[in-house]
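Enquirer: So for the sequence shown, full-length UniProt numbering puts the first residue at 1; every next one is plus one. Don't be surprised by glycine CBs; every beta carbon is placed ideally from N, CA and C.
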Amino acid sequence: MKLTSYWLETAPSFTASPIAALPGSVDAVVVGGGFSGLSAALRLRQLGASVVLLERERVVGEASGRNGGHVNNGLAGSFSFACKNLGVDKATSLYRVFNAAVDAVETVVRDNAIDCDFERCGKLKVGNLQVHRAALLSDYEKLQKEADPDVKFIDGQQIRSELASDLFNSGLIYPQSARMHMGRFGVGLAQSVMKAGGLIFENTPMTGIKSGKGGFEVSTPHGRIFAKNVLMATGTSRHGPSWFRQRIMPVGSFIVATEPMDATTLEQVMPGGRNVVTMQNIHNYFRATADNRLIFGGRASFSRSRTTTDIASGHMLLAAMRRTLPALPDVKIDYCWGGDVDMTVDRLPRAGQWNGVYYTMGYSGHGTQMSVYMGQRMAEAMSGMSGTNPLAGRSWPKIPFYGLASHFLPVVGAYYRAKDYVQNLEP
1 MKLTSYWLET APSFTASPIA ALPGSVDAVV VGGGFSGLSA ALRLRQLGAS VVLLERERVV
61 GEASGRNGGH VNNGLAGSFS FACKNLGVDK ATSLYRVFNA AVDAVETVVR DNAIDCDFER
121 CGKLKVGNLQ VHRAALLSDY EKLQKEADPD VKFIDGQQIR SELASDLFNS GLIYPQSARM
181 HMGRFGVGLA QSVMKAGGLI FENTPMTGIK SGKGGFEVST PHGRIFAKNV LMATGTSRHG
241 PSWFRQRIMP VGSFIVATEP MDATTLEQVM PGGRNVVTMQ NIHNYFRATA DNRLIFGGRA
301 SFSRSRTTTD IASGHMLLAA MRRTLPALPD VKIDYCWGGD VDMTVDRLPR AGQWNGVYYT
361 MGYSGHGTQM SVYMGQRMAE AMSGMSGTNP LAGRSWPKIP FYGLASHFLP VVGAYYRAKD
421 YVQNLEP
């Protein structure tokens with residue numbers, strides 16, 4: 001079992017710009033080499049701006065290359081809950097942004113001929129309790145009326161046509177959702193930036209930033225760059241201005257990839273062939289790959305990713321996978337890895353300006369499609385286009401008790417595990 005991301009291990013190599021090419025000035029500096037930063041850099045070049053992207057380590061080496069491989073539409077939480085808290089109009093508008101984000105990923109793949117197994121497979125959100133069924137029905141009725149008439153509610157034998165499991169009693173199908181190979185997409189996106197004339201520097205962190213006349217001075221270990229605009233697309237990074245760190249809680253998400261299986265066997269286990277997300281408080285998500293592996297992930301440990309937690313989480317995920325899909329044969333785990341999710345207090349993303357610096361982050365587990373989409377929108381905002389940021393004007397509160405909150409994550413995890421246990425005991 002390799003303790004590395006399947007997506008990164010099986011992605012093609014990428015050659016970044018040589019350090020000697022670091023310019024003294026550009027129109028825009030993008031900080032962060034994940035999907036947000038790469039997407040923004042590509043759009044900036046399309047709009048005629050000179051651009052440098054700075055990445056502390058390797059492109060797509062963090063959340064963008066360490067996730068579950070889903071490109072899902074729909075909000076991170078309940079649509080009905082969002083309607084109550086945001087109002088129907090705002091919740092519906094935000095839902096449609098997520099739909100547009102999936103379309104944006106497909107367009108980038110097509111227009112740049114990126115070989116990444118992009119497929120519109122749909123998402124299945126499943127529940128195993130009566131409270132889950134009621135919540136799914138509520139969302140279904142609200143979505144049908146307000147935002148997405150294509151969603152479909154299923155239960156009973158319809159569930160068996162999607163999954164070979166008796167665990168679940170209901171589900172919602174979101175047909176617009178997709179999946180792809182994250183590593184190949186990320187490298188293809190980075191190569192597209194380079195082909196368009198952008199510069200990408202790996203192992204080159206931003207070590208400081210100062211505002212000045214007409215722009216910003218950005219410091220790196222290899223020199224300084226003057227830029228008219230700067231975009232922070234740093235997700236869970238603990239580096240950079242503290243203002244961003246105080247508003248992001250890095251929460252570990254852990255994933256395993258099985259060995260390749262016989263295609264017929266995998267189809268019998270998951271006849272619907274969709275991305276699947278469960279509704280437990282400690283939920284799981286899974287999907288098949290083009291080479292017939294099963295990618296299975298979840299919040300197995302409420303702590304940040306590191307070797308010890310990755311190994312322990314891998315064993316927990318294997319047990320959960322066998323409980324969830326009892327028809328699955330006794331397969332081996334080839335890859336096990338962890339990554340951090342950039343959670344906000346309300347699990348909704350943020351994008352805007354702080355002290356003149358543009359930012360987009362806080363995707364809270366729905367980052368693949370939103371990062372690509374919001375990277376494009378923020379590039380347009382940086383280029384002087386108005387009305388391009390669909391997340392503009394949203395307040396962004398700090399994480400309560402920032403600095404201490406991460407120490408309580410194991411306690412939070414224990415609480416939600418206990419809650420799942422009690423709920424499963426209810427008739």
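Quick check: the Cα distance between residue 21 and residue 372, rounded to an integer number of angstroms?
Expert: Residue 21 and residue 372 have their C-alpha atoms roughly 26 Å apart.
Enquirer: Starting from residue 155, trace the beta strand (DSSP E) both ways and give me its first and last residue.
Expert: 152-155
Enquirer: Give the range of the beta strand (DSSP E) segment to which residue 217 is assigned.
Expert: Taken as a continuous stretch (DSSP letters only), the beta strand (DSSP E) holding residue 217 covers 215-220.
Enquirer: What's the gap between the Cα of residue 234 and the Cα of residue 41?
Expert: Distance between the alpha carbons of residue 234 and residue 41: 14 Å.
Enquirer: Span of the beta strand (DSSP E) holding residue 336?
Expert: 333-343 is the extent of the beta strand (DSSP E) around residue 336.
Enquirer: Can you round the beta-carbon distance between residue 119 and residue 178 to whole angstroms, since I take them to be within the 8 Å contact cut?
Expert: 6 Å
Enquirer: On the three-pair Cβ rule with 8 Å, is the stretch 235-253 touching the stretch 341-360?
Expert: yes
Enquirer: Look up residue 229 in the DSSP assignment and give the residues it is bridged to.
Expert: DSSP lists 28 as partners of residue 229.
Enquirer: Short check: CB of residue 35 to CB of residue 116, under 8 Å?
Expert: Taking a C-beta distance under 8 Å as the contact criterion, residue 35 and residue 116 do not qualify as a contact pair.
Enquirer: Leaving out the 5 sequence neighbours to the left and right, which residues in its chain are closer than 6 Å to residue 12 when beta-carbon positions are compared?
Expert: 187
Enquirer: Is residue 125 helix, strand or coil when you go by DSSP?
Expert: Strand at residue 125.
Enquirer: Using a Cβ-Cβ cutoff of less than 8 Å, which residues in the same chain neighbour residue 238 once the five nearest sequence positions on both sides are dropped?
Expert: 245 and 250
Enquirer: Check whether the stretch 198-212 and the stretch 44-61 touch, using three or more Cβ-Cβ pairs below 8 Å as the test.
Expert: With a cut-off of 8 Å, the stretch 44-61 and the stretch 198-212 count as touching, because enough Cβ pairs lie within range.
Enquirer: Measuring straight from C-alpha to C-alpha, what distance separates residue 405 and residue 356?
Expert: The predicted model places residue 405 with a pLDDT of 48, which falls under 50 and marks its position as unreliable, so this point remains unresolved.
Enquirer: Output the distance between the C-alpha atoms of residue 76 and residue 344, rounded to the nearest integer angstrom.
Expert: 11 Å
Enquirer: Which residue's Cα is closest to the Cα of residue 265: 164, 323 and 334?
Expert: 164
Enquirer: Bridge partners for residue 70 per DSSP, in chain order?
Expert: Bridge partners of residue 70: 179.
Enquirer: Hey, how far is the Cα of residue 342 from the Cα of residue 363?
Expert: Straight across, the Cα-Cα distance linking residue 342 with residue 363 is about 6 Å.
Enquirer: Expressed to the nearest angstrom, what Euclidean distance is found between the alpha-carbon atoms of residue 121 and residue 72?
Expert: 10 Å
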